[in-house]
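*Asks:* Okay, handing you the structure first.
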Amino acid sequence: MSATWIDLCYLVVIVLFIFGLKGLTHPRTAVRGNKLGSLAMLLAVVVTLMATEQFDWTLIVIGMVIGAAAGCYLAFTIEMTAMPQLVALFNGFGGLASVFVAGAYLMIVSDQSPDSSVLIATAVSGLIGAVTFTGSIIAFAKLQGLKFIKDIRFGGQQLLNLGLLLAGLLFAFLIYQQPAHAILYYWLMVAVSLGLGVFLVISIGGADMPVVIALLNSYSGLAAAATGFVLENNLLIVAGSLVGASGLILTQIMCVAMNRSLTNVLFGKLQPSGGGGADADEVYANVKSTSADEVAMMLEVASRVVIVPGYGMAVAQAQHAVSDLSDYLTEHDINIEFGIHPVAGRMPGHMNVLLAEADIPYEQLKEMDVINPTFEQTDVVIVLGANDVVNPDAQNDPNSPISGMPILEVHKARTVVVVKRSLSPGFAGVPNPLFAADNTLMLFADGREAMVDILNALREG
Amino acid sequence: MNLSQFLILAEGAQTAEEVVKEAMSTSGGNHLILLLTVFVLAVFIGFEIITKIPPTLHTPLMSGSNAISGITLVGALLTALANEPFLVRIFGTLAIILATMNVVGGFLVTHRMLDMFKRKG
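Here the protein sequences come in this chain order: A and B.
Position 49 of the first sequence, counted from 1, bears residue number 54 in our numbering, the numbering being contiguous throughout.
Position 49 of the second sequence, counted from 1, bears residue number 169 in our numbering, the numbering being contiguous throughout.
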């Protein structure tokens, strides 16, 4: 196959990728879009293999079989609640693949005095790829709740990160400046960058995870694009930059939804409120608790119910129980919708996938801006495992650390039922005055059990 | 055509040839600009499309775009295909394993998720 034909085929692949992504703009066309994307990828691989006439198949076949088998295993066995971990892991693999490709290419061209542009691209590819790899592995370990990973913060951490970054950039510069020793400097740079990835992510946890995952997603794309610059291959550049753009947009959406800057998420931490914030005992002086039977009675006479899910729903694996309750209410002509905060869960869209898994139609899943004006006409709101995203202090208390964060205004509903195991604070570490509001009732229970109990009470009643 | 005219033409032809040669020798630098142009335009296309994707599909978007970033597989194949020292091919093969996992796992798990959205809707 001539180079022109190959490039033309790559162009077709690029167009298919773009149509594939366009398909994702609606749930109805999304499956087709994803199939287009995978078809495009297959075409890219076949064309690339046809480009060379004689080659040794063994290693390639071994590599692809192992990779495909592992990929299938992960894709079919993963629980929907564990999706953030899986995406983190895949991000990491993509990054490491870029490190190897750039490194191998450097070894191929090192004795042919490569262009300075190739050297720079190789350095960028290795640096981003390595940071993506270790950063993602740490994110994976944290999301998976592995015991040996803790949120580690120590004095001088930012200084260490800065030092590692500068060292990485120095080695990158040396690759460019001393091509004769490029290979040595490349692997030194990779080693430093691997360390940088670890220390960048190790201090970030909990509710900030969606930002980190979106950002690493973007990096994995940028690493692929940089590899495209190394190989002077348009296909890699376009596909990589599409993914890079996607990750950046999601990062941006997540940051806006928390009213924090990216720098603040990555390097800062939530400051405990300085004097203005109230003491937890004081806030929770008038908390009223309720029972599943009482909630069932309220639901029976309600005409509109909104459920607000949070990470707690994922932890309790409560999505199917929620779905059963939702079906019952729908059958009894009670209008039910779901209010989903952009940062609910541990990755963008996490709650939507769980509810879709439980067969809840996506038309019932409402975004924050759509659902907020409807709370005043809502009889009962059930908050299930969400905390900071429904904290009215974000609007009312300018001294609160989460002040200014957009929230779901559930406190405007007639009655709010908060399903929670205890009064422990959310990720932001601040008490939530919603729990003690006049129209709020606390249902202290496991999320899934609470849903099952309420449904049983409804059926009996 | 007299001799002097012919000579002028021939001289012209030679200069043209030189111009072409010169153009080809500088195309190395222009090539990088071309790649950068493609990169920047693709980022813009990405922004245009991705901003239209509804939040409800953001998780499948991440896993799906992840599969697309497995395009590094093409790069990995190119390095593994090179008739080069064993170490290079080992790196190439490792990259193939990782990228294939990304591609196959990413597209499959995205399909699994999107199927759930399709079921009722």
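No residue lacks a Cβ here, since even glycine has one placed at the ideal position from N, Cα and C.
Since the model is a prediction, treat every value here as computed from it, not as a measurement.
Rounded to whole angstroms, what's the CA-CA distance from B/Gly-226 to A/Thr-256? Just pull it up for me.
*Replies:* Approximately 20 Å between the Cα atoms of the pair.
*Asks:* Between the Cα of A/Pro-438 and those of A/Phe-204, A/Asp-393, A/Val-310 and A/Ile-459, spot the shortest distance and give me the residue it belongs to.
*Replies:* Out of A/Phe-204, A/Asp-393, A/Val-310 and A/Ile-459, A/Asp-393 has the C-alpha closest to the C-alpha of A/Pro-438.
*Asks:* What separation, rounded to the nearest whole angstrom, lies between the Cα atoms of B/Thr-176 and A/Ile-459?
*Replies:* Cα to Cα, B/Thr-176 sits roughly 27 Å from A/Ile-459.
*Asks:* Taking Cβ-Cβ distances shorter than 9 Å, what residues in chain A pair up with B/Asn-222?
*Replies:* In chain order: Gly-72, Gly-76, Phe-95, Asn-96, Phe-98, Gly-99, Ala-102 and Ser-225.
*Asks:* List the residues of chain B whose Cβ lies closer than 9 Å to the Cβ of A/Phe-343, in chain order.
*Replies:* Those within 9 Å of A/Phe-343 in chain B number zero; the least Cβ separation is about 10 Å.
*Asks:* Could you name the residues of chain A that B/Asn-186 contacts, counting a contact when the two beta carbons are closer than 8 Å?
*Replies:* Within 8 Å Cβ-Cβ: Val-92, Phe-95, Asn-96, Gly-99, Asn-222, Ser-225 and Val-248.
*Asks:* Chain B partners of A/Met-88, CB-CB under 8 Å?
*Replies:* Residues of chain B passing the Cβ test: Thr-179, Ser-183, Val-229 and Met-233.
*Asks:* Decide if A/Asn-401 is buried, meaning its Cβ has at least 16 other Cβ atoms within 10 Å, or exposed.
*Replies:* It is exposed - the Cβ of A/Asn-401 has fewer than 16 other Cβ atoms within 10 Å.
*Asks:* Indicate whether at least one CB of chain B lies closer than 8 Å to the CB of A/Tyr-110.
*Replies:* Cβ-Cβ to chain B under 8 Å: yes for A/Tyr-110.
*Asks:* Using 8 Å as the threshold, is the C-beta distance between A/Leu-241 and A/Ala-230 below it?
*Replies:* Yes, the Cβ-Cβ distance between A/Leu-241 and A/Ala-230 is below 8 Å.
*Asks:* Taking the alpha carbon of A/Asp-384 as the reference point, which residue from A/Glu-305, A/Met-263, A/Ala-75 and A/Ala-126 has its own alpha carbon closest?
*Replies:* When each option's Cα is compared against that of A/Asp-384, the closest is A/Glu-305.
*Asks:* Consult DSSP for B/Val-158 and reduce its assignment to one of helix, strand or coil.
*Replies:* Reduced to three states, the DSSP call for B/Val-158 is helix.
*Asks:* Just to make sure I have the definition right: I need the residues of chain B whose C-beta is within less than 7 Å of the C-beta of A/Ser-251. Which are they?
*Replies:* Residues of chain B passing the Cβ test: Gly-166, Ile-170, Leu-181 and Ser-185.
*Asks:* Along chain B, in chain order, which residues have C-beta atoms closer than 8 Å to that of A/Gly-354?
*Replies:* Under the 8 Å cutoff, chain B gives Pro-175, Thr-176, Leu-177, His-178, Thr-179, Pro-180, Leu-181 and Met-182.
*Asks:* Under a CB-based cut-off of 8 Å, is A/Leu-255 close to chain B?
*Replies:* True, the Cβ-Cβ gap to chain B drops below 8 Å.
*Asks:* Can at least three beta-carbon pairs, one atom from the stretch 125 to 141 of chain A and one from the stretch 76 to 83 of chain A, be found at a separation below 8 Å?
*Replies:* Contact fails: fewer than three Cβ-Cβ distances are below 8 Å.
*Asks:* Please name the residues in the stretch 356 to 387 of chain A whose beta-carbon is closer than 8 Å to at least one beta-carbon of chain B, in chain order.
*Replies:* Listed by position, the residues of the stretch 356 to 387 of chain A near chain B (Cβ gap below 8 Å) are Asn-357, Val-358, Ala-361, Glu-362, Asp-364, Ile-365, Pro-366, Tyr-367, Glu-368, Leu-370 and Glu-372.
*Asks:* My understanding is that B/Ile-169 touches A/Leu-64, with C-beta atoms under 8 Å, so please give their C-beta distance in whole angstroms.
*Replies:* Incorrect: roughly 36 Å between the Cβ atoms, too far for contact.
*Asks:* Measuring alpha carbon to alpha carbon, tell me which of A/Val-104, A/Phe-95, A/Asn-96 and A/Gly-99 ends up nearest B/Phe-211.
*Replies:* Residue A/Val-104 is the option with its Cα nearest to B/Phe-211.
*Asks:* Where DSSP assigns a beta bridge to A/Asn-340, which residues make up the other side?
*Replies:* Beta-bridge pairing links A/Asn-340 to A/Arg-309.
*Asks:* Establish whether the CB of A/Ser-122 and some CB of chain B are separated by less than 8 Å.
*Replies:* Yes, A/Ser-122 counts as interfacial toward chain B.
*Asks:* From the DSSP output, which residues share a beta bridge with A/Glu-372?
*Replies:* DSSP output for A/Glu-372 lists A/Ile-345 as bridge partner(s).
*Asks:* With 16 as the cutoff for other CB atoms within 10 Å, does A/Ser-294 come out buried or exposed?
*Replies:* Burial call: exposed.
*Asks:* If distances are taken between C-alpha atoms only, which option among A/Asp-213, A/Trp-192, A/Val-320 and A/Ile-258 comes closest to A/Ala-433?
*Replies:* Per the Cα distances, A/Asp-213.
*Asks:* Helix, strand or coil: which one does DSSP assign to A/Met-447?
*Replies:* Three-state result, A/Met-447: strand.
*Asks:* Once the 5 residues before and after A/Asn-39 are set aside, which same chain residues still bring their CB inside 8 Å of it?
*Replies:* Result list for A/Asn-39: Gly-25, Gly-28 and Leu-29, in chain order.
*Asks:* Quick one: what does DSSP say A/Leu-389 is sitting in, helix, strand or coil?
*Replies:* Of the three classes helix, strand and coil, the one that applies to A/Leu-389 here is strand, per DSSP.
*Asks:* What in chain B is Cβ-close to A/Lys-27, meaning under 7 Å?
*Replies:* Those are Ile-169, listed as they occur along chain B.
*Asks:* Is it right to say A/Pro-347 is buried, meaning 16 or more other beta carbons lie within 10 angstroms of its own, or is it exposed?
*Replies:* It is buried - the Cβ of A/Pro-347 has at least 16 other Cβ atoms within 10 Å.
*Asks:* Among A/Ile-209, A/Thr-57 and A/Asp-374, which one has its Cα closest to the Cα of A/Gln-163?
*Replies:* Closest option to A/Gln-163, Cα to Cα, is A/Ile-209.
*Asks:* Output the boundary residues of the beta strand (DSSP E) element that contains A/Thr-30.
*Replies:* It is not in any beta strand (DSSP E) - A/Thr-30 carries neither H nor E in the DSSP assignment.
*Asks:* Identify the continuous beta strand (DSSP E) that holds A/Thr-420 and give its terminal residues.
*Replies:* Where A/Thr-420 is concerned, the enclosing beta strand (DSSP E) stretches over 420 to 425.
*Asks:* Across which residues does DSSP place A/Ser-294 in a beta bridge pair?
*Replies:* A/Met-447, per the DSSP bridge assignment.
*Asks:* Taking CB distances under 8 Å as the criterion, tell me whether A/Val-106 reaches chain B.
*Replies:* Chain B contact via Cβ: present.
*Asks:* Would you please state the rounded distance, in angstroms, between the beta carbons of A/Gly-390 and B/Val-163? I believe it to be under 8 Å.
*Replies:* Contact flag wrong, Cβ pair sits at about 37 Å.
*Asks:* A/Leu-436 by DSSP, collapsed to three states: which one?
*Replies:* In the sequence as displayed, the identity of residue 436 of chain A is Pro instead of Leu. A/Pro-436 falls in the coil class under three-state DSSP.
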